[in-house]
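Enquirer: Pasting a structure below so you can have a look.
Number of protein chains: 2
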Amino acid sequence: MAKYPKIPEATIRRLSSYLKCLEDLETKGEKVASSALIATICNVNAAQVRKDFAYFGEFGIRGMGYNVKELRFHIKEILGTNREWRIGVIGIGNLGSALLMYKGFLKQNYKIVAAFDLDPVTVVGHISEKMGKPIEILHMDRLKEVVKARNVEIGIITTPAAEAQNVANLLVEANVKGIMNFAPSQIRVPSHVVLRNVFFTSALDNLVYYLSN
Amino acid sequence: MAKYPKIPEATIRRLSSYLKCLEDLETKGEKVASSALIATICNVNAAQVRKDFAYFGEFGIRGMGYNVKELRFHIKEILGTNREWRIGVIGIGNLGSALLMYKGFLKQNYKIVAAFDLDPVTVVGHISEKMGKPIEILHMDRLKEVVKARNVEIGIITTPAAEAQNVANLLVEANVKGIMNFAPSQIRVPSHVVLRNVFFTSALDNLVYYLSN
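Residue numbers (our numbering), protein chains in the order written: chain A, 1011 to 1223; chain B, 1011 to 1223.
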């Protein structure tokens, strides 16, 4: 099944960063970009950019740079973000609210189609006040039913740590394909579900390592 | 200066994840952990765990596993999180509020010592209501002065995209060493400042890549 099986995880991470850069360039009306320009914007070196793109065959024209639109199209195809992904957010505290209002998602084909909280009555006003188009927050009790009915493929967990595993179990039972966990606890899922933990401390650890060494 | 100059970025990321795992094990009273156990908890394979630890010399005893306390101490030393880091958060909307309330930070030697917003009056009540020990939100005008006075080393930017570069410039002028940018825009800093961008779309891109391939 794997079209590109041997790509290092670090390259995948950078592709996402290049994509962001190419979108900004396209917005500015740029048609062509050199690896040097992309490298500068993304804080990597140009050789790394060329090496990363080489995993996927020949995109650039030597001495000319890359066609911005075409490269963007290819990267989206490689990442799998060339089609819409349906997302549910569980736990609408501050972080959950921030994600519901995050403007970058829709532009990237990430569509939040469901949101859940243990106390939906309290948060409805809070969300709809700031969002252009309010999303209805539903009670956690309806998670399994609604996730199935709305074809949610990815669940984002933004609950307190103690509730994260329980929510993950419900998402798995409701047949989500992937889970992104922001709760500060290691959760377990069956191997057919892709899990990514996003710990804020890890991002800081990474920064501090480079400050210390 | 670099004690461990050739460590791949992916290893650094995993060290942070191992650290979290070891802390959970220590909390549960575990004294010794095998690479297989650490691997299972962190969702990697055991050979990878052993390979990652091998960058830093011999930690484990063959057939016995790793001393949890000792390994944790070593990883913190490697990452540079064995001492306190002083942090400022700029932009106290939903995401900024979530970070101010994030319980994981203090446990990891990350101490938020300053918080700024363009409209501090509105947010003060919002924060102090939920936090045990409220932090005073100051007006953005005082950023440079307060960051210097309180020896803030790392600035976390959680403003809207349009303000991120301006805030970064002020942080650089106030002599921070590192910046973590959550605003969805690519910002630029001088090379002596370490910058990490955390884009929520990138975390999703990574997940979606593994779902698609």
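Just so it is clear, CB atoms sit at the ideal spot from N, CA and C, and this is done for glycine as well.
What are the residues that DSSP puts in a beta bridge with alanine 1172 of chain B?
Expert: According to DSSP, alanine 1172 of chain B bridges with nothing at all.
Enquirer: Assuming isoleucine 1100 of chain A and isoleucine 1167 of chain A form a contact by the criterion Cβ under 8 Å, report the distance between their Cβ atoms to the nearest whole angstrom.
Expert: Right, their Cβ atoms sit about 5 Å apart.
Enquirer: With a 10 Å radius around its C-beta and 16 neighbouring C-beta atoms as the bar for buried, classify valine 1162 of chain B as buried or exposed.
Expert: buried
Enquirer: Name the chain D residues that come within less than 7 Å of lysine 1187 of chain B, Cβ to Cβ?
Expert: Absence of chain D from the displayed structure is noted, the protein chains being A and B.
Enquirer: Does the separation of the CB atoms of serine 1222 of chain A and arginine 1023 of chain B fall below 9 Å?
Expert: Not a contact, by the Cβ cut-off of 9 Å.
Enquirer: Return the first residue and the last residue of the alpha helix (DSSP H) that arginine 1060 of chain B is part of.
Expert: Taken as a continuous stretch (DSSP letters only), the alpha helix (DSSP H) holding arginine 1060 of chain B covers 1056-1064.
Enquirer: Report buried or exposed for valine 1208 of chain B, applying the criterion of at least 16 other Cβ atoms within 10 angstroms of its Cβ.
Expert: buried
Enquirer: Below 8 Å, is the gap between the Cβ of lysine 1061 of chain A and the nearest heavy atom of the ligand ZN?
Expert: Absence of the ligand ZN from the depicted structure is noted, as is the absence of any ligand whatsoever, leaving it without description.
Enquirer: Is lysine 1140 of chain A helix, strand or coil when you go by DSSP?
Expert: Reliability of the predicted coordinates at lysine 1140 of chain A is poor, the pLDDT of 48 falling under 50, and the value obtained from them is presented with this limitation in mind. Correct three-state label for lysine 1140 of chain A: helix.
Enquirer: Less than 6 Å between C-beta atoms, sequence neighbours within five positions excluded: which residues of the same chain meet that for arginine 1198 of chain A?
Expert: none
Enquirer: What does valine 1108 of chain A touch in chain B if you count any residue whose Cβ is under 8 Å from its own?
Expert: One detail in the question is off: residue 1108 of chain A reads as alanine in this sequence, not valine. Within chain B, the residues near alanine 1108 of chain A are Gly1103, Asn1104, Leu1105 and Ala1108.
Enquirer: Just verifying my parser: in three-state terms, what is the DSSP assignment at valine 1177 of chain A?
Expert: Three-state DSSP puts valine 1177 of chain A in a helix.
Enquirer: Does the distance from the CB of isoleucine 1088 of chain B to the CB of tyrosine 1219 of chain A come in under 9 Å?
Expert: The answer is yes: Cβ separation under 9 Å.
Enquirer: Taking leucine 1205 of chain A as the reference, give the member of B:Leu1214, B:Ser1201, B:Val1182 and B:Leu1205 with the closest Cα.
Expert: Answer by Cα proximity: B:Leu1214.
Enquirer: In chain order, which alpha helix (DSSP H) runs of at least 4 residues are fully inside the stretch 1014-1043 of chain A?
Expert: Counting whole runs of 4 or more residues, the stretch 1014-1043 of chain A contains the alpha helix (DSSP H) stretches 1019-1037.
Enquirer: Roughly how many angstroms separate the alpha carbons of aspartate 1034 of chain B and serine 1026 of chain B, rounded to a whole number?
Expert: 13 Å
Enquirer: Alpha carbon to alpha carbon, how far is asparagine 1185 of chain A from phenylalanine 1192 of chain A?
Expert: Their backbone Cα atoms lie some 20 Å apart in a straight line.
Enquirer: Beta strand (DSSP E) containing leucine 1205 of chain A: first to last residue?
Expert: Residue range 1204-1207 is occupied by the beta strand (DSSP E) that includes leucine 1205 of chain A.
Enquirer: When you compare only the Cα positions, how much space is there between glycine 1135 of chain A and glutamine 1058 of chain A?
Expert: Caution is warranted here: a pLDDT of 48 is assigned to glycine 1135 of chain A, below 50, making its placement in the model unreliable, and the coordinate value is therefore given only provisionally. If you take the alpha carbons of glycine 1135 of chain A and glutamine 1058 of chain A, they lie about 47 Å apart.
Enquirer: For glutamate 1047 of chain A, does the three-state DSSP call read helix, strand or coil?
Expert: For the sequence presented, residue 1047 of chain A should be read as leucine rather than glutamate. Collapsing the DSSP output to three states places leucine 1047 of chain A in a helix.
Enquirer: Which class does arginine 1096 of chain B belong to by DSSP, given the choice of helix, strand or coil?
Expert: Here arginine 1096 of chain B sits in strand by DSSP.
Enquirer: Short of 7 Å in beta carbon distance, which residues of its chain neighbour proline 1170 of chain A, apart from the five on each side in sequence? Order them along the chain.
Expert: For proline 1170 of chain A, where only same-chain residues beyond five positions count, the Cβ hits under 7 Å are Ala1193.
Enquirer: Would you tell me roughly how many angstroms separate the C-alpha atoms of asparagine 1053 of chain B and alanine 1043 of chain B, rounded to the nearest one?
Expert: 15 Å
Enquirer: Ignore the nearest five residues each way along the sequence and tell me which others in glutamate 1094 of chain B's own chain have a CB closer than 7 Å to its CB.
Expert: Asn1119 and Lys1121
Enquirer: Is it true that the CB of leucine 1047 of chain B sits closer than 9 Å to the CB of phenylalanine 1063 of chain B?
Expert: no
Enquirer: Give me the subset of the stretch 1014-1047 of chain B whose CB atoms are less than 9 Å from a CB atom of chain A, sorted by chain position.
Expert: Tyr1014, Pro1015, Ile1017, Pro1018, Glu1019, Ala1020, Ile1022, Arg1023, Leu1025, Ser1026, Ser1027, Leu1029, Lys1030, Cys1031 and Asp1034
Enquirer: Near arginine 1160 of chain B, what residues of its chain come up, given a Cβ to Cβ distance below 8 Å and the 5 sequence neighbours on each side ignored?
Expert: Arg1096, Gly1098, Val1123 and Ala1124
Enquirer: Whole angstroms are fine: how far does the CA of lysine 1016 of chain B sit from the CA of glycine 1230 of chain B?
Expert: Only positions 1011 to 1223 of chain B appear in this structure, which leaves residue 1230 of chain B out of reach.
Enquirer: In the DSSP assignment, find the unbroken beta strand (DSSP E) run with asparagine 1191 of chain B in it and report its ends.
Expert: From DSSP, the beta strand (DSSP E) with asparagine 1191 of chain B extends over 1188-1191.
Enquirer: Considering only C-alpha positions, which residue in the set A:Tyr1028, A:Glu1019, A:Ser1195 and A:Lys1041 is nearest to tyrosine 1112 of chain B?
Expert: A:Ser1195
Enquirer: Could you check how far apart the C-beta atoms of alanine 1174 of chain B and alanine 1108 of chain A are, in whole angstroms? I think they sit under 8 Å.
Expert: Not confirmed; about 15 Å, so no contact.
Enquirer: Check whether chain A comes within 9 Å of lysine 1061 of chain B, counting only Cβ atoms and requiring the distance to be less than that.
Expert: no
Enquirer: Using three-state DSSP, classify leucine 1128 of chain B as helix, strand or coil.
Expert: Of the three classes helix, strand and coil, the one that applies to leucine 1128 of chain B here is coil, per DSSP.
Enquirer: What is the rounded straight-line gap between the Cα of lysine 1187 of chain B and the Cα of leucine 1153 of chain B?
Expert: 15 Å
Enquirer: Is it buried or exposed, valine 1078 of chain B, if we count other Cβ atoms within 10 angstroms and call 16 or more buried?
Expert: buried
Enquirer: Spatial neighbours of lysine 1140 of chain A within its chain, please: C-beta separation below 7 Å, excluding the five flanking residues on both sides.
Expert: Any reading at lysine 1140 of chain A needs caution, since the residue's pLDDT is 48, under 50, leaving its predicted position unreliable; the model's value is listed next. For lysine 1140 of chain A, the CB contacts under 7 Å within the same chain, skipping 5 residues up- and downstream, are Met1111 in chain order.
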